[in-house]
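Shown next, in structure tokens, is the structure this report addresses.
In our numbering, the protein residues as written are 2 to 257.
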């Protein structure tokens, strides 16, 4: 069902390049995707929002302030205007093409399930169903996506780290834990109900949260990598996948 870590012999955990590999090139760009592929990442992650003219675009923030110094909201700006500010902006179709042949994690920043059929259709039309992991931020969206497709792989990006059993019941095959929430017990418990696990490194918010590692989202140091590896997740998401790839055990899964 969708992206399968056992479809090929792969070392674990998989390296997922956050925002395409934000320390390898401009975030969510074809350049970052190419660099992530070149260094050996198994998957790139990108964010999906809707522009004012209904185009599915790969931008993390709701506005353009951080990335371009422009206060306009993505949802209130058309694709041509967005590309005037960000010439390398990818649409969903562009991201599917630029990420091939490795996996693509789509972090859907949208909450309306009405957009799901269109996304699934674009993924299918691009011949990418088997390498796409659909990241959804609510249990309701997970249930809606699974009702539409039995094929697409779904990653639960929900806020409650204890909701993994519900996520599995509703159709997710993967579950994300933030680094500060990830414990061996939680990862083992999620695995016991049949979920693959992803650890997202760094802080979940721009303001520092006590108990989380002292790095912004996507960033980690060598000690942090070693701790995450000790938890034995199925994948790790980070801005520079080389940090994981250089530390990762070399033993590969057998295919099948």
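Ideal Cβ positions, reconstructed from N, Cα and C, are used throughout, including at glycine.
If you're wondering where the values come from, they're calculated on a predicted model, not measured in any experiment.
CB-CB length for residue i against residue j, believed under 8 Å
{"i": "residue 135", "j": "residue 146", "result": "6 Å"}
{"i": "residue 124", "j": "residue 116", "result": "Wrong, their Cβ atoms sit about 12 Å apart, outside the cutoff."}
{"i": "residue 203", "j": "residue 216", "result": "5 Å"}
{"i": "residue 80", "j": "residue 54", "result": "6 Å"}
{"i": "residue 33", "j": "residue 26", "result": "3 Å"}
{"i": "residue 106", "j": "residue 56", "result": "Between residue 56 and residue 106 the Cβ distance is about 20 Å, and since that is not below 8 Å, they are no contact."}
{"i": "residue 1", "j": "residue 149", "result": "Because residue 1 is not part of the residues shown, which for the chain are 2 to 257, the question remains open."}
{"i": "residue 235", "j": "residue 24", "result": "Actually they are not in contact, since the Cβ atoms of residue 235 and residue 24 sit about 22 Å apart, beyond 8 Å."}
{"i": "residue 185", "j": "residue 99", "result": "With a Cβ gap of about 36 Å, residue 185 and residue 99 do not count as contacting."}
In DSSP terms, what residue i is bridged to
{"i": "residue 46", "result": "106"}
{"i": "residue 155", "result": "135"}
{"i": "residue 176", "result": "157, 198"}
{"i": "residue 237", "result": "16, 200"}
{"i": "residue 92", "result": "58"}
Residue environment, residue i, which counts as buried when at least 16 other CB atoms sit within 10 Å
{"i": "residue 247", "result": "exposed"}
{"i": "residue 231", "result": "exposed"}
{"i": "residue 151", "result": "exposed"}
{"i": "residue 251", "result": "exposed"}
{"i": "residue 102", "result": "exposed"}
{"i": "residue 153", "result": "buried"}
{"i": "residue 28", "result": "buried"}
{"i": "residue 209", "result": "exposed"}
{"i": "residue 21", "result": "buried"}
Residues near residue i by beta carbon distance below 8 Å, same chain, minus five either side
{"i": "residue 72", "result": "64, 65, 66"}
{"i": "residue 141", "result": "114"}
{"i": "residue 223", "result": "244, 248"}
Cβ shell of residue i (< 7 Å), same chain only, five flanking positions each side left out
{"i": "residue 94", "result": "123, 127"}
{"i": "residue 239", "result": "19, 202, 219, 221, 245"}
{"i": "residue 187", "result": "162, 178"}
{"i": "residue 77", "result": "53"}
{"i": "residue 169", "result": "194, 195, 196"}
Own chain residues within Cβ distance below 6 Å of residue i, not counting five before or after
{"i": "residue 84", "result": "90"}
{"i": "residue 214", "result": "180, 225"}
{"i": "residue 191", "result": "165, 176, 198"}
{"i": "residue 205", "result": "179"}
{"i": "residue 16", "result": "42, 43, 242, 245, 246"}
Where are the beta strand (DSSP E) runs, 3 residues long or more, that stay fully inside the stretch 42-86, in chain order? Counting whole runs of 3 or more residues, the stretch 42-86 contains the beta strand (DSSP E) stretches 44-51, 71-74.
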